[in-house]
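Residue numbers (our numbering), protein chains in the order written: chain A, 1 to 149; chain B, 1 to 503.
The beta-carbon is built from N, C-alpha and C at its ideal position, and this holds for glycine as well.
Let me begin by presenting the structure, written as structure tokens, before commenting on it.
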Amino acid sequence: MGVAHLLAGIVVLLFGSVVTFFASQLPYKGEYGPGPGFLPLWIGMALIGCAIAAILKAVRQVDREKERFVQPKTRHVAFIFVTLIVTFLLVPVFGLSLGLALFTGFTMRTAGRHGWILCIATAAVTAAAVRLIFGVMLDIPLPKGVVGL
Amino acid sequence: MDLLSNLLTGFSVALSWQNILFCGLGVLFGQLVGVLPGIGAPTAIALLLPLTFTMNPTTAIIMLAGIYYGVAYGGTITSVLINVPGESSTVMTTLDGYQMALQGRAGPALSVAALGSFIAGTVSVVVLMSFAPILARFALRFGPAEYFGLTAMAFGLLTVMGGGDPVKIIIATLTGLFFATIGIDVVSGLPRFAFGVPELLGGIDPIVIITGMFGIAEVFNSIEEEVRTDVLKAKFRVRDVFLTWQDWVQSRWAVVRGSAIGFLVGMLPAGGITTASFLAYLMEKRVSKTPERFGRGAIEGVAAPESANNAASISGFAPLLALGLPGSPTTAILLAGFMMWGIRPGPMLFQTKPDLVWGLFASMYIGNVMLVLMNIFLIPAFVTVLRIPYTILMGLIVVFSTVGAFSANNNFFDIWMMLGLGVLGYLMKKLNYPVVPLILALVLGKLAENSLRQALTLSGGSMGIFFKRPISAVFVSLAILAYLFPLVQWAIKSRRTRRLAKG
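See below:
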């Protein structure tokens, strides 16, 4: 975990530098008072300062951290993350309500090892409920896919 | 008399069938959320917020507030019966509550928690109703300098009371402030940090950030931490619930002290209900003549933190409504909800929306009565809910988060943003960067920046304006002290270490 903390500090340093750079492109002063770049510039510089403090602390503690960043279940997180990306990429094909229903059924089957009937039934109820509650009752224009759901 | 007439106005609003129905749904949902480990009050409110887009704002806020204070009741059930706190605010309850359950006294433990919560909640509403308008009248004197001071103080207190690495808390706060600056600057009309992406010109909707960092991130974290929902062994009957006279005598002062501590801590920026329950437990142990009973099934050890967390959840509405300043992640999300409905909480709210404010206060009485009844008669039903596997709940959270993020602007880009922010929230939690300061800074960022710029424009660029006005001077001084506090702490610690090393 020590290396992860160090990397996080470096990412914050980069983030602060980017904020500072783009904020410096904005006017610092306006016609009557501070301009649009005033606060962002200070935010960026403060981020750089805090990042340096975080990096120094991480360097001192890099060997003392016993806990590992990658846990036995981290690959499950990665699996759900990839499944979500695939679900969202497939929305133009299936539509949002059916896409989310397929996600629910798929993860129940793969991550929860539930029976096929329960997974299919839950997916069907999810698709119908999302369409009915959000699409019809709340009138949210949910994206429809090629299949028309 | 004013208070009485306002209360009558409030009850006339709260007693409409829609408001009773949605108050009931809110507290019921809050109880369910509290029972289920892995879903917190902020997540539950974040997920339901988009559903309230088309609702009457008063009804919506009554329901969401019901969820908030209902969660504290629900979390107790798991703390007592299976030693798993459904909510962080009920962690302290596990210490004595579970021990009582092991001794066959789960009923009195749940009962004193419900009764304590009811008393604390009801008394807090009374105090809140008297105190919030005074706070609002006081806040009418606030100008840009005071508002900037107030927000700076809120951010500063987070570093002291946040309970983590101050540097990480400040980084999270700055990140939230940065998110708040994205989009077209209202004063100059210039785009900031949009990088040519048209969807970013209007800024990032707080709902998208909240659904990502509380909904999706919570799914990722819960998968990794393996939420235990299948360890239930206890059997429970309604007749087991009632307290004996001796139980009541033992716990009555714990309820009073817990309520007082909870109310005071709940009002502080970054105070929060978890801190309140923690402090109430410690205080009860300290004043007890038999502190050795604590941790072994002392009924006061359940009564005090439970009363405190409920009192704190109610008193957190005082700064939110009177000053527009949220003190906890849940009230920060509620503030985002207010903004979504086009309402700006603050001193003027009591004059412009009296039906909303007093209707909300009155609904809290009704909600507390509903909760105490639910806690007596529906505990066996809530216990059954615990058996729902997380792999099913996960799907529900993803569905609500995704549709919620989409419905903020009816834009698919927001779904990708939500996913990215979900990953950010997951990594932040893993690396001990707190999410709460980010959310607080995000919802208060615009107020902080606008008041800072207005104050500096008024003073011709002089920072002296923050110290010339007495109220802002107090706020800014407290903010500076809060930011210096970790440095002082570090210096003392280093000196002590050096002294110990010398010998």
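Should residue i be flagged as near chain B, meaning a C-beta pair shorter than 9 Å?
i        : result
A/Gly145 : no
A/Ile10  : no
A/Tyr32  : yes
A/Phe103 : yes
A/Val62  : no
A/Ile43  : yes
A/Ala54  : yes
A/Val59  : no
A/Leu142 : yes
A/Val136 : no
A/Ala51  : yes
A/Val3   : no
A/Gly37  : yes
Tell me, please, whether the CB atom of residue i is closer than 9 Å to any CB atom in chain A?
i        : result
B/Asn410 : yes
B/Phe11  : no
B/Ser188 : yes
B/Tyr147 : no
B/Trp341 : no
B/Lys502 : no
B/Glu449 : yes
B/Arg495 : no
B/Lys429 : no
B/Leu32  : no
B/Val167 : yes
B/Phe193 : yes
B/Met348 : no
B/Arg498 : no
Using the rule of at least 16 other Cβ atoms within 10 Å of the residue's Cβ for burial, across every protein chain shown, is residue i buried or exposed?
i        : result
B/Leu424 : buried
B/Ser111 : buried
B/Arg453 : buried
B/Thr331 : buried
A/Gln25  : exposed
B/Thr52  : buried
B/Thr159 : buried
B/Asp230 : Because B/Asp230 sits at a pLDDT of 45, beneath the cut-off of 50, its placement in the model cannot be relied upon, and the following sentence gives the value as read from the coordinates. Its Cβ having fewer than 16 others within 10 Å, B/Asp230 is exposed.
B/Thr58  : buried
B/Gln489 : exposed
B/Thr497 : exposed
A/Asp139 : exposed
B/Gln18  : exposed
B/Leu447 : buried
A/Leu142 : buried
B/Ala408 : buried
A/Phe134 : buried
B/Arg137 : exposed
B/Asn410 : exposed
B/Val507 : Residue 507 of chain B cannot be examined here, being either before or after the span of chain B that is shown, 1 to 503.
Taking C-beta to C-beta, are residue i and residue j nearer than 9 Å?
i        : j        : result
A/Val126 : B/Gly395 : A quick correction: the sequence has Thr, not Val, at residue 126 of chain A. For A/Thr126 and B/Gly395, yes; Cβs fall inside 9 Å.
B/Ser313 : B/Val71  : yes
B/Phe317 : B/Pro133 : no
B/Val383 : B/Ile39  : no
A/Cys119 : A/Met137 : no
B/Val187 : A/Leu100 : no
B/Gly156 : B/Ile480 : yes
B/Ala180 : B/Gly420 : no
B/Ser315 : B/Gly262 : yes
A/Pro27  : B/Phe178 : no
B/Ser462 : B/Ser259 : no
B/Ser251 : B/Val302 : yes
B/Ile392 : A/Thr20  : no
B/Gly212 : B/Phe400 : no
B/Ala254 : B/Ser307 : yes
A/Gly145 : A/Leu90  : yes
B/Gly26  : B/Ala65  : yes
B/Pro291 : B/Leu323 : no
Rounded C-beta distance between residue i and residue j? I'm assuming under 8 Å.
i        : j        : result
B/Ala172 : B/Pro437 : 4 Å
B/Ile471 : B/Glu146 : 5 Å
B/Ala336 : B/Pro206 : 4 Å
B/Ala14  : B/Ile61  : Actually they are not in contact, since the Cβ atoms of B/Ala14 and B/Ile61 sit about 11 Å apart, beyond 8 Å.
A/Arg64  : A/Gly2   : 7 Å
A/Thr87  : A/Leu98  : A/Thr87 to A/Leu98, Cβ: 10 Å. No contact.
B/Ala276 : B/Arg257 : The pair is not a contact, with the Cβ atoms about 12 Å apart (cut-off 8 Å).
In this structure, what does DSSP give as the bridge partners for residue i?
i        : result
A/Lys29  : A/Pro34
B/Asp183 : Checking the sequence, you will find Gly at residue 183 of chain B rather than Asp. In DSSP, B/Gly183 forms a bridge with B/Arg192.
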